[in-house]
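Same order as they appear, the protein sequences are chains A and B.
With my numbering as the guide, the letters of the first sequence map in order to residues 2 to 195.
With my numbering as the guide, the letters of the second sequence map in order to residues 2 to 195.
No residue lacks a Cβ here, since even glycine has one placed at the ideal position from N, Cα and C.
There are 2 protein chains.
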Amino acid sequence: MKVSKEVMAEHKEQIIAAAARRYRERGFDGISVADLMQEVGLTHGGFYRHFSSKDELIALSVLRAVSETIIEWRKIADDAKGDRFGAVVHYYLSLRHHDHRETGCLAAALGCELSRLPSPVKEAVTEGERQIIDFLRGIAPGKTKALRRKQAIVAFASMVGGMTLARMTSDGELRQEILKDVAHALSSSVSATV
Amino acid sequence: MKVSKEVMAEHKEQIIAAAARRYRERGFDGISVADLMQEVGLTHGGFYRHFSSKDELIALSVLRAVSETIIEWRKIADDAKGDRFGAVVHYYLSLRHHDHRETGCLAAALGCELSRLPSPVKEAVTEGERQIIDFLRGIAPGKTKALRRKQAIVAFASMVGGMTLARMTSDGELRQEILKDVAHALSSSVSATV
DNA sequence: ATTATCTATAGATCTATAGATAATGC
DNA sequence: ATTATCTATAGATCTATAGATAATGC
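Okay, here's the thing in structure tokens:
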């Protein structure tokens with residue numbers, strides 16, 4: 002029944018990866034420790050040798066989701082010819098992202114739940130927020146560093162809110178309108194950047 | 002033990018009002034039917050003569066939260082001297098709203114949970130979304146009705162996302178920066194409205 | 001007579017732990 | 001010998017229902 006150190010480390014990785022997906026898909030209360038372990042092919046009882054509590058897994062899965070996102074956004078920006086910022090905005094506000102919250106932005110998938118989590122988890126979230134803002138600042142338009150940072154924050158807020166509103170509605174037309182309008186506002190603000 | 006029709010109707014109102022507050026404060030899984038009933042001074046078992054299920058109460062409490070919000074925003078707009086739109090934006094992105102999710106905007110408090118709810122509840126949410134957008138369109142700047150509607154959608158998205166990000170962080174300085182930057186972007190877009 | 005509320009409980013689910021088992025790694 | 005995983009379960013919690021109780025309202 003015991004496995005090697007390497008296999009055990011792999012198991013831990015798999016649990017965190019499954020959690021990062023499922024929590025974004027269903028919420029932190031939406032999947033149990035037992036179900037996550039079953040998904041990875043292990044049994045419930047083994048969980049607590051990897052993590053001291055479900056909250057510890059939540060904290061680790063939140064960090065995982067953020068680093069996955071930054072890697073993905075970096076790739077999208079690098080693949081873009083010309084407008085790196087526009088490429089990330091366009092990707093973020095796409096139907097593809099809308100339909101895949103399990104692999105998408107943490108803030109859009111779990112924002113309102115994150116703000117209720119205990120202090121240590123919120124600090125991990127805050128660190129992730131800083132990383133995202135820094136990344137966006139690096140590709141945002143604007144004459145000064147301060148203006149680019151402001152543009153990064155405003156864009157991040159608009160995108161998170163736009164995706165949240167789009168996912169809330171059951172009206173497909175309204176959904177498209179929201180995604181399109183927010184994307185357009187962020188694009189035209191680029192040319193209007195003072 | 003039985004009460005009059007009028008008192009029973011009052012009880013139902015109180016349950017919905019308590020739910021609208023507590024759900025925004027703690028999430029839909031954050032307070033039980035038994036605790037809600039206790040808060041109103043009734044016992045658990047009586048719940049199911051008022052509502053067929055917890056989901057029915059959730060749908061009603063969502064509608065309640067939206068209508069409370071529109072009444073409040075209308076009051077804020079009416080009290081404003083001059084810039085009605087700016088007054089609502091300023092109120093939305095205030096620390097006061099940040100600290101009181103239990104009486105604040107539904108989308109900021111429960112957005113990511115709402116999008117996972119069953120279809121009938123999502124349709125109630127969609128109707129609320131339309132009402133909010135229509136209200137904001139009525140006070141938004143812009144030369145044409147279409148531009149005012151677009152401005153309403155973009156402003157709503159930015160405000161929801163800004164408040165979500167502000168509540169996610171445990172860093173007070175970053176929180177203030179987010180609220181200020183989003184508010185400023187929405188104010189300056191007013192003058193830049195084409 | 002009807003029914004709003006109460007008491008009590010069924011049935012499901014979830015986190016966390018205890019002790020057994022069998023494979024690793026010194 | 002140590003320990004990663006498994007089986008089994010304790011203890012808590014939650015939704016929903018059943019049947020009793022007592023006040024309303026015809």
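Would DSSP call B/Leu94 helix, strand or coil?
DSSP, reduced to helix, strand and coil, places B/Leu94 outside both helices and strands of the structure shown, so it counts as coil.
What are the boundary residues of the alpha helix (DSSP H) that A/Ala81 is part of?
Premise fails: A/Ala81 is in no alpha helix (DSSP H) and is neither H nor E.
Residues within the region 118 to 133 of chain B neighbouring chain A, beta-carbon criterion of under 8 Å
Legend: CB atoms of the region 118 to 133 of chain B lying less than 8 Å from CB atoms of chain A belong to residues Ser120, Lys123, Glu124, Val126, Thr127, Glu130 and Arg131.
Would you report the Cα separation of B/Glu124 and B/Ala19, rounded to the nearest angstrom?
When rounded, the distance between both Cα atoms is 22 Å.
Counting only Cβ-Cβ distances shorter than 7 Å, please list the residues of the region 150 to 166 of chain A near chain B, keeping chain order.
Flagged, chain order: Lys151, Ile154, Val155, Phe157, Ala158, Ser159, Met160, Val161, Gly162, Gly163, Thr165 and Leu166.
In chain order, which beta strand (DSSP E) runs of at least 3 residues are fully inside the region 133 to 183 of chain B?
Those beta strand (DSSP E) runs which fall completely within the region 133 to 183 of chain B and span 3+ residues do not exist here.
Roughly how many whole angstroms lie between the Cα atoms of A/Asp80 and A/Glu174?
A direct Cα-Cα distance of roughly 30 Å separates A/Asp80 from A/Glu174.
Can you tell me the Cα-Cα spacing of A/Arg50 and B/Leu137, whole angstroms?
The alpha-carbon separation between A/Arg50 and B/Leu137 amounts to approximately 52 Å.
Could you tell me the alpha carbon to alpha carbon distance between B/Lys151 and A/Lys76, rounded to whole angstroms?
Answer to the nearest angstrom: the Cα atoms are 31 Å apart.
If you run the structure through DSSP and keep just helix, strand and coil, what is A/Met2?
Reduced to three states, the DSSP call for A/Met2 is coil.
Taking CB distances under 8 Å as the criterion, tell me whether A/Cys113 reaches chain B.
Interface criterion met: the Cβ of A/Cys113 is under 8 Å from a Cβ in chain B.
Comparing the CB of B/Gly28 with every heavy atom of the ligand COA, is any distance shorter than 7 Å?
Among the components of this structure there are no ligands whatsoever, and the ligand COA is therefore not found.
Of all the options B/Glu69, B/Phe86, B/Pro142 and B/Thr127, which has the alpha carbon lying nearest to the alpha carbon of B/Cys106?
Nearest C-alpha to B/Cys106: B/Glu69.
Straight-line Cα distance separating B/Lys146 from A/Leu64:
Near 43 Å, if we compare the C-alpha coordinates of B/Lys146 and A/Leu64.
According to DSSP, simplified to helix, strand and coil, what is B/Ser188?
Helix.
Can a CB atom of chain B be found closer than 8 Å to the CB of A/Arg138?
Judged by the 8 Å Cβ criterion, A/Arg138 is not in contact with chain B.
Leaving aside the five residues before and after A/Ile134 along the sequence, list all residues of the same chain whose C-beta is less than 8 Å from its C-beta, in chain order.
Hits under 8 Å: Arg150, Ala153, Ile154 and Phe157.
Check each candidate in A/Leu180, A/Ile17 and A/Glu128 and name the one with the smallest Cα separation from A/Tyr93.
Answer by Cα proximity: A/Leu180.
At a Cβ cut of 7 Å, what residues of the region 28 to 57 of chain B count as close to chain A, listed as they run along the chain?
Against chain A - using a Cβ distance shorter than 7 Å - the residues of the region 28 to 57 of chain B are Gly28 and Asp30.
Sequence-distant residues of its chain with Cβ nearer than 8 Å to A/Pro119 (five each side left out)
The beta carbon of A/Pro119 sits closer than 8 Å to those of Asp56, all from its chain and outside the five residues before and after it, given in chain order.
Does the region 161 to 172 of chain A come into contact with the region 89 to 103 of chain A, if we say contact requires no fewer than three beta-carbon pairs (one atom in each stretch) closer than 8 Å?
Enough Cβ pairs lie closer than 8 Å, so yes.
Specify the secondary structure class of B/Phe48 as computed by DSSP and reduced to three states.
The answer is helix: DSSP assigns B/Phe48 an H, G or I state.
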